[in-house]
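Down below is the structure, laid out as structure tokens.
Number of protein chains: 2
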Amino acid sequence: MKNKIIATSIELFEKQGFTETSIQHIVDALDVTKGTFYYYFQSKEQLLMDIHTQYIDDLLHRQQQVIAEYETAKDQLTAMFHLLIQDIEIQGARARVFLREMRHLMDTNSVEVKEKRDEFRLVIEEVIRQGIEAGELLESLDPAITAFAFLSLTNYSYNWFNPHGALTAAQLSDAYSDIFFKGIVKEG
Amino acid sequence: MKNKIIATSIELFEKQGFTETSIQHIVDALDVTKGTFYYYFQSKEQLLMDIHTQYIDDLLHRQQQVIAEYETAKDQLTAMFHLLIQDIEIQGARARVFLREMRHLMDTNSVEVKEKRDEFRLVIEEVIRQGIEAGELLESLDPAITAFAFLSLTNYSYNWFNPHGALTAAQLSDAYSDIFFKGIVKEG
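For the protein sequence lines, the chains are A and B, in the order given.
full-length UniProt numbering applies: residue 1 is where the first sequence begins, and numbers increase by one.
full-length UniProt numbering applies: residue 1 is where the second sequence begins, and numbers increase by one.
Right, dumping it as structure tokens:
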């Protein structure tokens, strides 16, 4: 039941926003009582926190797998492009709620999730730093800014990328890898 | 007074979100009556629509200036990086409300603003297409995906870029231009 509440809430949060969705909406959609909801969650904010924690913990876990599996910065970053963009295809609503409703977490929860999001970003930064040191990536790069550029490409795509359209997640992540690695300008 | 209402609302929408801000909050912050509000706006949605329209019309206007002023795709895109990222510095709250509260526009308004946002994006796509034709940009690029990559970099930066921090808007747009044009990988 806990996972059913989470799944239904994600759908509702995605469709109508976190603020506009009440606990009543959630229990109505599931045809259960408020008591059932409160058995699993203290509040709507607690539920949102659970959604965020599940999502980021899973991402951090899969990021570690990518780091362990691949050696070069380029391969690790390629795998992370696929990971994040495929996520929009596989668990679109969850990804959108995660990216969009962050500011509705309560302050203490927000700090905890923010630390985990920072951890995810700092691993990317470290991949870039090591790629520069290994002579694989350009020395002129600022690893922090470059990590933000990477995350902009992946995280913004939930705003426009429609996984049910003609463009597949694999095609998009390939195209983004190409732009990110080689740029768009023809060499003189 | 109309511009004062707009300015105060942007501040409130940014701080506490559109849904959480009532007309009462807005008039209280300005120390005026609800009558004053309704003299200028039919509703909170109408006000949000005005904020969106002002913002996108201004952007479209400045985009046309950039197109007229510069010749190559690279120079036009560089100028647009500066334009959009400097906007976060100059009118941060307005940019954030624009990027964040789009889904709270009423459907008819949303279509109108969406068309203008699409127009802005399609101009970037056309700049890229012409750059490819001119032999300036890589033939392998998909102009549509490349335009989305450009907008991801600029539009996502409002999530993390703090114009009062050590990194300036000019430095960030230079770094993003470099990554976007030349990529991050050292040439073999």
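For glycine and all other residues, C-beta sits at the position ideal for the given N, C-alpha and C.
It should be emphasised that the depicted structure is a prediction, and the values quoted were computed from it without experimental measurement.
Subject >> For T78 (chain A), the nearest candidate out of A:E187, A:A175 and A:V185 (CA to CA) >> reply: When A:E187, A:A175 and A:V185 are compared, the shortest CA-CA separation from T78 (chain A) is found for A:A175.
Subject >> For I128 (chain A) and L137 (chain A), believed in contact at Cβ under 8 Å, the rounded distance >> reply: Contact holds; Cβ gap of about 6 Å.
**OP:** Could you tell me the boundaries of the alpha helix (DSSP H) in which F37 (chain A) lies?
**Re:** First-last of the alpha helix (DSSP H) with F37 (chain A): K34 to Y40.
**OP:** Check whether the Cβ atoms of L153 (chain A) and A149 (chain B) lie closer than 7 Å to each other.
**Re:** Cβ distance < 7 Å, so L153 (chain A) and A149 (chain B) count as in contact.
Original post:
Within the chosen definition, does the segment 89-106 of chain A reach the segment 31-41 of chain A through at least 3 CB pairs nearer than 8 Å?
Top reply: In this structure the segment 89-106 of chain A does not lie against the segment 31-41 of chain A, because fewer than three pairs of beta carbons, one per stretch, are closer than 8 Å.
Subject >> Contact between the segment 140-148 of chain A and the segment 61-74 of chain A (3+ Cβ pairs under 8 Å) >> reply: No: the two stretches stay apart, fewer than three of their Cβ pairs being nearer than 8 Å.
Subject >> 7 Å CB neighbourhood of E14 (chain B) in its chain, flanking five on each side removed >> reply: Closer than 7 Å at Cβ, skipping near neighbours: A93, R96 and V97.
**OP:** Using the Cα positions of I132 (chain B) and G183 (chain A), report the straight-line distance between them to the nearest angstrom.
**Re:** Whole-angstrom Cα-Cα distance: 13 Å.
**OP:** Entirely within the segment 70-137 of chain A and at least 4 residues each: give me those alpha helix (DSSP H) ranges in chain order.
**Re:** The segment 70-137 of chain A contains these whole alpha helix (DSSP H) runs: 73-90, 92-100 and 107-133.
Subject >> Beta-carbon neighbours of residue 191 (chain B), restricted to chain A and to distances below 8 Å >> reply: No answer is possible for residue 191 (chain B): the residues shown for chain B start at 1 and end at 188.
Subject >> Spatial neighbours of I67 (chain A) in its chain, beta-carbon cut-off 8 Å, leaving aside the 5 residues before and after >> reply: Within its own chain, the residues whose Cβ lies closer than 8 Å to the Cβ of I67 (chain A), once the five positions on either side in sequence are excluded, are Q76, V123 and V127, listed in chain order.
Original post:
Would the beta-carbon of F18 (chain A) fall within 7 Å of that of L60 (chain A)?
Top reply: In this structure, the beta-carbon distance from F18 (chain A) to L60 (chain A) does not fall below 7 Å.
Original post:
By the 10 Å Cβ neighbour count, where 16 or more other Cβ atoms means buried, how is K4 (chain B) classified, buried or exposed?
Top reply: Exposed: under 16 other Cβ atoms inside 10 Å.
Original post:
Is the CB-CB distance between A29 (chain B) and T53 (chain B) below 7 Å?
Top reply: No, Cβ-Cβ distance for A29 (chain B) and T53 (chain B) is not below 7 Å.
**OP:** Taking only the alpha-carbon atoms, compute the straight-line gap between Q86 (chain A) and A166 (chain A) and give it to the nearest angstrom.
**Re:** A straight line joining the alpha-carbon of Q86 (chain A) with that of A166 (chain A) spans about 15 Å.
Original post:
For the segment 56-84 of chain B, which residues have a CB atom closer than 9 Å to at least one CB atom of chain A, in sequence order?
Top reply: Contact annotation: in the segment 56-84 of chain B, residues whose CB is within less than 9 Å of a CB in chain A are A73, K74 and L77.
Original post:
Is there a Cβ from chain B that is less than 7 Å from the Cβ of I26 (chain A)?
Top reply: Under the Cβ criterion of 7 Å, I26 (chain A) is not counted among the residues facing chain B.
Original post:
Out of curiosity, what's the CA-to-CA distance linking Q64 (chain B) and E112 (chain B)?
Top reply: Each residue's CA atom was taken as its position, placing Q64 (chain B) and E112 (chain B) some 19 Å apart.
Original post:
Fully enclosed by the UniProt domain "HTH tetR-type" (1-59) of chain B, which alpha helix (DSSP H) runs are 4 residues long or longer?
Top reply: Taking only runs of at least 4 residues, the alpha helix (DSSP H) segments lying wholly in the UniProt domain "HTH tetR-type" (1-59) of chain B are 2-16, 23-30 and 34-40.
Subject >> Cβ distance (whole Å) where Y158 (chain B) is taken to contact L83 (chain B) below 8 Å >> reply: With 8 Å as the limit, Y158 (chain B) and L83 (chain B) do not qualify as a contact, their Cβ atoms being about 14 Å apart.
**OP:** In angstroms with no decimal places, state the Cα-to-Cα distance between Y40 (chain A) and Y156 (chain A).
**Re:** Approximately 32 Å between the Cα atoms of the pair.
Subject >> Beta-bridge partners of V185 (chain A), as assigned by DSSP >> reply: V185 (chain A) is bridged to B:L137.
Subject >> Three-state secondary structure assigned by DSSP to H61 (chain B) >> reply: Helix, per DSSP.
Subject >> From B:L151, B:P163 and B:G135, residue whose alpha carbon lies closest to that of E187 (chain A) >> reply: Answer by Cα proximity: B:G135.
Original post:
Hey, is Y156 (chain A)'s beta-carbon within less than 7 Å of any beta-carbon in chain B?
Top reply: So, interface residue.
Subject >> Unbroken alpha helix (DSSP H) run spanning P143 (chain B), endpoints >> reply: Judged by DSSP secondary structure, P143 (chain B) falls within the alpha helix (DSSP H) whose first and last residues are P143 to Y156.
Original post:
Three-state secondary structure (DSSP) at L167 (chain B)?
Top reply: For L167 (chain B), the three-state secondary structure derived from DSSP is coil.
Original post:
Around the C-beta of T21 (chain A), are 16 or more other C-beta atoms found within 10 angstroms, so that it is buried, or is it exposed?
Top reply: Under this definition T21 (chain A) is a buried residue.
**OP:** Using a Cβ cut-off of 9 Å, pull out every chain A residue sitting near L48 (chain B), in sequence order please.
**Re:** Against chain A, the beta carbon of L48 (chain B) has no neighbour under 9 Å; the closest one sits roughly 14 Å away.
Original post:
Of all Cβ atoms in chain A, is any one closer than 7 Å to the Cβ of T21 (chain B)?
Top reply: No, because no Cβ of chain A sits closer than 7 Å to the Cβ of T21 (chain B).
**OP:** Can you pull the chain A residues whose beta carbon is under 8 Å from the beta carbon of D142 (chain B), in chain order?
**Re:** Taking the beta carbon of D142 (chain B) as reference, the chain A residues within 8 Å of it are A175, listed in sequence order.
Original post:
So which residues on chain A does K116 (chain B) lean against when the C-beta distance must stay under 8 Å?
Top reply: In chain A, no part has a C-beta under 8 Å from the C-beta of K116 (chain B); the shortest such distance is about 15 Å.
**OP:** Using the Cα positions of M102 (chain A) and I6 (chain A), report the straight-line distance between them to the nearest angstrom.
**Re:** Using only the alpha carbons, I get a separation of about 16 Å.
Original post:
With distances taken from CA atoms, which of A:E45, A:M49, A:A169 and A:Q46 is nearest E89 (chain A)?
Top reply: In terms of CA proximity to E89 (chain A), A:A169 leads the group A:E45, A:M49, A:A169 and A:Q46.
Subject >> Through-space distance from E45 (chain B) to M1 (chain A), alpha-carbon basis >> reply: So the two alpha carbons sit approximately 37 Å from each other.
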